[in-house]
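Okay, structure first, notes after.
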Amino acid sequence: MSIQDLTVYDKLRAVPFRGEQVAAVTWDYEEAASAGFPRWTDMTLYRVEPGSSCAYRVQIVARSVVYHGIGGCPKGVKLPVGMLAKDDDRYGFLAACEQCLPPDLDDLDDNAIVKVEQDLPELHEFADAAALVPGLLGRRKSGGLTTKLLAAAAGMDQDIAAALGNNPIGVHTK
Ligand SMILES: [Zn+2]
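Numbering-wise (my numbering), the sequence shown opens with residue 63 and increments by one.
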């Protein structure tokens with residue numbers, strides 16, 4: 063891959079920059095559904111163009127297709143079913159909350175309101191690979207995904223491979 067114009071998100075704030083994608087661990091709706099996870103996490107690691115304020119950016123997105131009933135759990139954003147149906151890709155994968163058990167979307171009319179969980183993007187910035195590796199592995203919810211992302215990144219980026227080798231937590235890479 064080569065350097066290009068990219069945009070990542072820190073909550074609602076768009077952060078445009080020049081760089082390249084190093085590695086990604088992501089699921090589309092189909093993959094999440096077949097794994098049986100209505101909530102999942104996507105992670106994408108970018109190398110930032112030299113001379114920028116940081117060397118790496120990691121976009122972590124908490125994703126969800128769960129919707130709640132209007133009188134159900136205190137979660138999600140209120141939206142009419144008709145508007146949800148406009149997103150063809152996502153609509154078919156929306157999943158009723160198993161706690162508040164809202165009606166099936168196909169049984170509701172277009173004006174009915176449900177509360178849909180939204181994707182939450184989080185941005186992490188790192189000065190160099192030596193900061194990136196412990197920074198990602200030390201995250202509270204760090205797990206198999208982080209390991210996978212770093213292992214993939216190490217194959218693409220010598221600095222990350224070296225930093226992994228130096229890290230006491232360690233990730234085995236070939
Ligand atoms: Zn609910």
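The beta carbon of each residue, even a glycine, is placed where N, CA and C say it ideally should be.
| said: Give the residues whose C-beta lies closer than 6 Å to at least one heavy atom of ligand 1, in chain order. | reply: His130, Gly134, Cys135, Cys159, Gln161 and Cys162
If you follow the beta strand (DSSP E) that Gly81 is part of, which residue opens it and which one closes it? The residue labelled residue 81 in the question sits at position 19 within the sequence shown. Per DSSP, Gly81 belongs to the beta strand (DSSP E) from Arg75 to Val87.
Pairwise C-alpha distance: Ala213 and Lys236 | In the sequence shown, the residue the question calls residue 236 occupies position 174. In the sequence shown, the residue the question calls residue 213 occupies position 151. Since pLDDT at Lys236 reaches only 43, below the 50 mark, its modelled position is unreliable, and the value read off the structure follows with that caveat. Near 9 Å, if we compare the C-alpha coordinates of Ala213 and Lys236.
Check: Under 9 Å between the Cβ atoms of Val123 and Arg101?
Finding: As a working note, residue 123 is residue 61 in the sequence shown. As a working note, residue 101 is residue 39 in the sequence shown. No; because the gap between Cβ atoms is not below 9 Å, this pair is not in contact.
Backbone CA spacing between Arg119 and Pro112 [nearest angstrom]
Numbered from its first residue, the sequence shown carries residue 119 at position 57. Numbered from its first residue, the sequence shown carries residue 112 at position 50. So the two alpha carbons sit approximately 13 Å from each other.
Q) Exposed or buried, which one is Gln121 when buried takes at least 16 other CB atoms within 10 Å? A) On the sequence shown, residue 121 is found 59 positions in, with the first residue counted as 1. Classification for Gln121: buried.
Opposite Gln121 in the DSSP bridges: which residues? Here residue 121 refers to the residue found at position 59 when the sequence shown is read from its first residue. In DSSP, Gln121 forms a bridge with Thr106 and Leu185.
Considering only DSSP beta bridges, list what Ala157 is partnered with.
For the purposes of this step, residue 157 is identified with residue 95 of the sequence shown, where counting begins at 1. DSSP output for Ala157 lists Val128 as bridge partner(s).
message = Taking contact to mean 3 or more Cβ pairs, one atom from each stretch, closer than 8 Å, check whether the segment 65 to 81 and the segment 184 to 203 are in contact.
response = yes
Pairing CB atoms from the segment 125 to 141 with CB atoms from the segment 174 to 181, are three or more of them under 8 Å? yes
Problem - Residues bridged to Arg101 [DSSP beta-bridge criterion] - result: The residue given as residue 101 occupies position 39 in the sequence shown. Looking at the DSSP assignment, Arg101 forms a beta bridge with Ser126.
Residues near Ala189 in its chain [Cβ-Cβ closer than 7 Å; skip 5 each side] | Looking up residue 189 in the sequence shown gives position 127. Same-chain partners within the cutoff: Cys116 and Ala117.
For Asp85 versus Thr106, is the C-beta distance shorter than 9 Å? Residue numbering aside, residue 85 sits at position 23 when the sequence shown is read from its first letter. Residue numbering aside, residue 106 sits at position 44 when the sequence shown is read from its first letter. Per the sequence shown, the amino acid found at residue 85 is Ala instead of Asp. Cβ atoms of Ala85 and Thr106: closer than 9 Å.
- What whole-angstrom Cβ distance do Ile222 and Ala193 have, given they're in contact under 8 Å? As a working note, residue 222 is residue 160 in the sequence shown. As a working note, residue 193 is residue 131 in the sequence shown. With a Cβ gap of about 11 Å, Ile222 and Ala193 do not count as contacting.
TODO: Return the first residue and the last residue of the alpha helix (DSSP H) that Ile222 is part of.
DONE: As a working mapping, residue 222 is identified with position 160 in the sequence shown. Gln220 to Asn228 is the span of the alpha helix (DSSP H), which, as asked, contains Ile222.
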